[in-house]
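Chemist: Taking my numbering, the leading residue of the sequence shown gets 1, the next gets one more, and so forth.
Backbone N, C-alpha and C fix where the C-beta goes; we use that ideal spot for every residue, glycine too.
Since this is a predicted model, take the numbers as computed values, not measurements.
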Amino acid sequence: MAAPRSPRDPHWDAPTSSGPLVDVGELHRTLVNVLRLLRDVDRESGVSPSRLSVLSVLVFVGPMSQAELARIEGVSAPSMSLLVRELETDGWVERTPDPVDARRTIVSASKGGRDLMLRSQRRRLDWLSAAISRLPVESQRVLAGCSTHLDALIAALRETYSG
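1. If you run the structure through DSSP and keep just helix, strand and coil, what is Ser65?
2. Going by the DSSP bridge assignment, what does Glu73 pair with across the sheet?
3. Anyone know if the C-beta pair for Asp42 and Pro49 falls short of 8 Å?
4. Tell me whether Pro78 sits in a helix, a strand or coil according to DSSP, three-state version.
5. Suppose you measure from the CA of Gln121 to the CA of Ile106; what does that come to, to the nearest Å?
6. Does the Cβ of Pro136 lie closer than 7 Å to at least one heavy atom of the ligand FMN?
7. Do Leu69 and Leu116 count as a contact pair if the criterion is CB distance below 8 Å?
8. Mapping the DSSP letters down to three states, classify Val22 as helix, strand or coil.
9. If I follow the unbroken beta strand (DSSP E) through Ile108, where does it start and stop?
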């Protein structure tokens, strides 16, 4: 028998103090759907999600080595090398010698790459803003406090993930 999914289910047992007070299946479904919809908005840029993700790291975190980029993005060094090469060919990133280690290069977003990322972010924010403004005021109030809680969830996930 499947575990009850919601407090609305008559067979649902309230979580104990050791378990979450959140329906994690529903939360997961919601977060996945939001990410899918944001990915659809990103398609308007004409740049693949993996390339936009690398650009996002370079624009919002800053220049770094390919090895650091690969670690942050969770991909292999050869995969990151290919991504960086493609981004460089398209003019979205630049590579410069590492001033500390001549064997390495530092990857940074070019002006064009930064502009592309900021336009992509603006599209996402405009889309989210338009959607939220169509919600009832009470839903907007609830969403206003969600960022803090989701940031805490991200921190907890990072603490518990050992991979």
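Modeler: According to the structure shown:
1. strand
2. DSSP lists no partner for Glu73.
3. yes
4. helix
5. 24 Å
6. As for the ligand FMN, it is missing from this structure, which has no ligand bound.
7. no
8. coil
9. Sequence inspection shows Ser at residue 108; the Ile mentioned does not correspond to that position. Counting along the chain, the beta strand (DSSP E) containing Ser108 begins and ends at Thr105 to Ala109.
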